[in-house]
Amino acid sequence: MFEQLTQLVQQFGDDAVVKNNAIPNEQNEAVLQEAGSSIFSSLQKMASEGGVEQLAGLLQGNNAQDSSNPAVQQITQQLTGSLSEKFGISGETASGVAGSMIPKILGSLVGKANDPNDSFQISDIIGAIAGNSEQAGGIMDTISKYGTQFGLDQNADGKVDLSDAMSMTKSSGGIGGILGKLFGK
């Protein structure tokens, strides 16, 4: 997982860090490395402190791209503090960097994990951050539990996965129909 995370940090860090005049060029690489480390350690901390529901929510749908998601906010705040403390970057600049990068990186990471054509899977993320199989199993169970509670298990196989999403899209008339089912419109 760390390799995919590093690639995404490099990809999305260009505008937020490298082209940012408020960050000295000699600090660019260190700031990008800190961003990757901060994301990874924040996810691990959530897993180890029992934030299973928070992590499960982050790993479903487009939640990782939503800057109002509590998990995204927590990771953004962690990186903001870290950049200010370690590199002497102003709070405003650090907040701008973290706020611009975190949702994009997390959204892309989860998107890759949900792409059936990519060998990287959600279980890879969970395995990397959970550390032990009991925690990993708890996160996967929570994802499945909430997905089935909202009627997302379309094929009744007891888990929510890409085949369920494809079924919903076809039977509901696209994404608008899915949203209508979820929000009763």
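Counted from 1, the sequence shown has number 89 at position 84 by my numbering; the numbering is strictly sequential.
By construction, the Cβ of each residue, glycine as well, lies at the ideal position given by its N, Cα and C atoms.
Quick caveat, the model's predicted, so the values are computed rather than measured.
Buried or exposed for K62, please, with buried defined as at least 16 other CB atoms from any protein chain shown within 10 angstroms of its CB.
To locate residue 62, count along the sequence shown from 1; it is residue 57. According to the sequence shown, residue 62 is Gly rather than Lys. Burial call: buried.
I think S87 touches E39, with their Cβ atoms under 8 Å apart; what is that distance to the nearest whole Å?
For this step, residue 87 is matched to residue 82 along the sequence shown. For this step, residue 39 is matched to residue 34 along the sequence shown. Going by Cβ atoms, the distance from S87 to E39 rounds to 6 Å, so yes, they are a contact pair.
Going by the CB atoms, is the gap between S105 and A35 shorter than 8 Å?
Here residue 35 is taken as the residue at index 30 of the sequence shown, counted from 1. Here residue 105 is taken as the residue at index 100 of the sequence shown, counted from 1. Cβ distance not < 8 Å, so A35 and S105 don't count as in contact.
Which same chain residues, not among the five before or five after S1, have their C-beta less than 7 Å away from its C-beta?
This structure gives no information on residue 1, because the portion of the chain shown stretches from 6 to 190.
Are the Cβ atoms of A76 and M51 separated by less than 8 Å?
Position 71 of the sequence shown holds residue 76. Position 46 of the sequence shown holds residue 51. A contact, by the Cβ cut-off of 8 Å.
Figure out for me which residue from I44, Q32, L37 has the closest Cα to the Cα of P108.
Taking the first residue of the sequence shown as 1, we reach residue 108 at position 103. Closest by alpha carbon: I44.
For S89, collect the residues of the same chain with a Cβ closer than 8 Å to its Cβ; drop the 5 residues on either side in sequence, then sort them by chain order.
By 1-based counting over the sequence shown, the position of residue 89 is 84. The answer, listed in chain order, is S95, G96, A99.
In angstroms, rounded to a whole number, what distance separates the CA positions of A118 and L64?
Residue mapping note: residue 118 aligns to position 113 of the sequence shown, counting from 1. Residue mapping note: residue 64 aligns to position 59 of the sequence shown, counting from 1. Straight across, the Cα-Cα distance linking A118 with L64 is about 9 Å.
Sequence-distant residues of the same chain with beta carbon closer than 6 Å to T85, five excluded per side:
Position 80 of the sequence shown holds residue 85. The residues are A99, S100, A103.
So G18 and L37 are in contact, right, with Cβ under 8 Å, and what is the actual spacing, rounded?
If you number the sequence shown from 1, residue 18 lands on position 13. If you number the sequence shown from 1, residue 37 lands on position 32. The pair is a contact, with the Cβ atoms about 5 Å apart (cut-off 8 Å).
Can you list, in chain order, the residues of its chain whose CB lies under 8 Å from that of L10, leaving out five sequence neighbours each side?
Translated into positions along the sequence shown, residue 10 becomes position 5. So the qualifying residues of the chain are G41, I44, F45, I110, L114.
Grouping DSSP H, G and I as helix and E and B as strand, with all else coil, what is S95?
For the purposes of this step, residue 95 is taken as the residue at position 90 of the sequence shown. DSSP, reduced to helix, strand and coil, places S95 outside both helices and strands of the structure shown, so it counts as coil.
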